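**Q** Protein chains in written order, with our numbering: chain R, 157 to 310; chain G, 157 to 310; chain F, 1115 to 1198; chain H, 1115 to 1198.
Got a structure here, written out as structure tokens. Questions coming.
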């Protein structure tokens, strides 16, 4: 299962273990994201991550295939949680494998930077009785933009 | 155990699982390297990785601390195997965690690029009856050099 | 023609609707025309759908507002994504 | 003074030695002087220790050949590293 979008809890350790055993390639990079307990305004208790599931699955599949082509990956996997989550719950897991570490790292970072702005998920952070939709950060737009610029050179 | 240099087999899946459970931080990057079954000259059957153990432990500790300082890591771990290995055996595992993914990715790549040229390990590849010490690749020197250059700007 | 329209996040909250099934007399329309028509449902609709950062998708692909909508299509409106 | 000298990889193979314990009359020396002295052990030693890419460490830190060696130090000679 290359892409899995689910409202059940995900287990990055189990996912990494499975990926390593299926793909013991020369270079394997992974990224795991967990719900943070803080934002720019203070403490965060919990997170609601809304998802357009059918579109997310399609976008993440396209993204993995684009990464595979662009960086010559041997294998990749993208798993994304949605729904209600507590702090320290895993949200996302990405794994990429290649013959050389430069490609594995770049592909993993490309997938994360791109899914942040292109996959249909929306975060709402809760602190006490207050809830607030997260707005797009400039740093995320900039990180996404890097890959477009670099793409022109290739 | 932040640094572990060992001639026993290592288990990246178990290491990742442990790291995630101790450090469920917003952004966790990992790298795992496995013995490749090919080199520029053809097929490789097995690998002997010689190690100056006391120095390797010291260099990897210094490297992890440097990465922590430079990228503001919350946590890190470096595990490196040495001795006789078969193809697809895990050689190295690095994990880095931070508040933001840019720092986690950069630190993980910095550690890998630097340990390649600075930690006292030497690879000897075997194919049939032939054995040959691996020489330093220009790409590895270049990747190491990036971090020195970037360092001047910071 | 019959189309499905979905709303997410802030937009869903503003129009208090997750999903609509619309029967339209035309055999095709555009995303822009659909937005204008939905905007007639009230000020909340008009405001939400005229937000400059609004993103629209047809059949799960992000499109420009000139995109043509045909029978059976799934259209969605939402704010910029914030996943990962 | 007494020092330990270690050899790794290609250098270890060339001098057919993993480790030496040396008793020296001087109370200190330099890496360069030690290399010259070890080079007297034969052509294999001389050649291995004069290789332009040779790396030397004192007490597990890479040093220049001008580094001073003192009693109890651990010196090592090896080619460029290829781990990871």
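The beta-carbon is built from N, C-alpha and C at its ideal position, and this holds for glycine as well.
Keep in mind that this is a model prediction, so the values were computed, not measured.
From residue 1133 of chain F to residue 283 of chain R, what distance separates their C-alpha atoms?
**A** 28 Å
**Q** Please decide whether residue 1147 of chain F counts as near chain R, where near means a Cβ-Cβ distance under 8 Å.
**A** no
**Q** Out of G:178, G:253, G:212, which one is the CA nearest neighbour of residue 227 of chain G?
**A** G:253
**Q** Could you list which residues in chain G have their beta carbon closer than 7 Å to that of residue 181 of chain R, in chain order?
**A** 190
**Q** Exposed or buried, which one is residue 1166 of chain F when buried takes at least 16 other CB atoms within 10 Å?
**A** exposed
**Q** Residues of chain F with CB closer than 7 Å to the CB of residue 241 of chain R, please, in chain order.
**A** Within chain F, no residue comes near residue 241 of chain R; the closest Cβ sits about 12 Å away, beyond 7 Å.
**Q** In chain order, which continuous runs of the alpha helix (DSSP H) of length 4 or greater are located wholly inside the region 225-307 of chain G?
**A** 257-274
**Q** What is the DSSP secondary structure of residue 176 of chain G, reduced to helix, strand or coil?
**A** helix
**Q** How would you call residue 237 of chain G, buried or exposed, if buried means at least 16 neighbouring beta carbons within 10 angstroms?
**A** buried
**Q** Less than 8 Å between CB atoms is the rule here; does residue 277 of chain G satisfy it with respect to chain H?
**A** yes
**Q** Once you ignore the five residues that flank residue 310 of chain G on each side, which residues in its own chain have a CB closer than 7 Å to its CB?
**A** Residue placement at residue 310 of chain G is poorly supported in this model, since its pLDDT is 35, which falls under 50; the coordinates still yield a value, given next. Closer than 7 Å at Cβ, skipping near neighbours: no residue.
**Q** To which residues does DSSP link residue 204 of chain R through a beta bridge?
**A** R:240, R:280
**Q** Whose Cβ in chain F lies nearer than 9 Å to the Cβ of residue 302 of chain R?
**A** Under the 9 Å cutoff, chain F gives no residues; its nearest Cβ is about 15 Å from residue 302 of chain R.
**Q** Relative to the C-alpha of residue 184 of chain G, which candidate in R:165, R:264, R:182, R:259 has its C-alpha closest?
**A** R:264
**Q** Comparing alpha-carbon positions, which option in G:166, G:171, G:182 lies nearest residue 245 of chain R?
**A** G:182
**Q** Counting contacts by CB-CB distance shorter than 8 Å, is residue 1123 of chain F in contact with chain R?
**A** Closer than 8 Å: yes.
**Q** So, residue 272 of chain R versus residue 300 of chain R, is the Cβ gap smaller than 8 Å?
**A** yes
**Q** Which value, in whole angstroms, describes the spacing of the CA atoms of residue 308 of chain G and residue 298 of chain G?
**A** Its pLDDT being 42, under 50, residue 308 of chain G is placed unreliably by the model, and the measurement read from it follows with that caveat. Between residue 308 of chain G and residue 298 of chain G, the C-alpha separation is close to 16 Å.
**Q** Output needed in chain order: residues of the region 1171-1183 of chain F with a Cβ under 7 Å from some Cβ in chain R.
**A** Those would be 1171, 1174, in chain order.
**Q** In chain order, what residues of the same chain lie with their CB nearer than 6 Å to the CB of residue 251 of chain G, ignoring the 5 residues before and after it?
**A** 175, 186, 233
**Q** Taking all protein chains shown into account, decide if residue 229 of chain G is buried (16 or more other Cβ within 10 angstroms of its Cβ) or exposed.
**A** buried
**Q** Does the structure place the region 1141-1160 of chain H close enough to the region 1175-1187 of chain F that three or more beta carbon pairs sit under 8 Å?
**A** Between the region 1175-1187 of chain F and the region 1141-1160 of chain H there are fewer than three C-beta pairs closer than 8 Å, too few to call the two in contact.
**Q** Taking the C-alpha atoms as reference points, what is the distance between residue 274 of chain G and residue 1173 of chain H?
**A** 15 Å
**Q** To the nearest angstrom, how far is it from the Cα of residue 239 of chain R to the Cα of residue 202 of chain G?
**A** 47 Å
**Q** Can you tell me where the beta strand (DSSP E) holding residue 1142 of chain H begins and where it ends?
**A** Residues 1142-1144.
**Q** From residue 189 of chain G to residue 166 of chain G, what does the alpha carbon distance come to, in whole angstroms?
**A** The C-alpha of residue 189 of chain G lies about 11 Å from the C-alpha of residue 166 of chain G.
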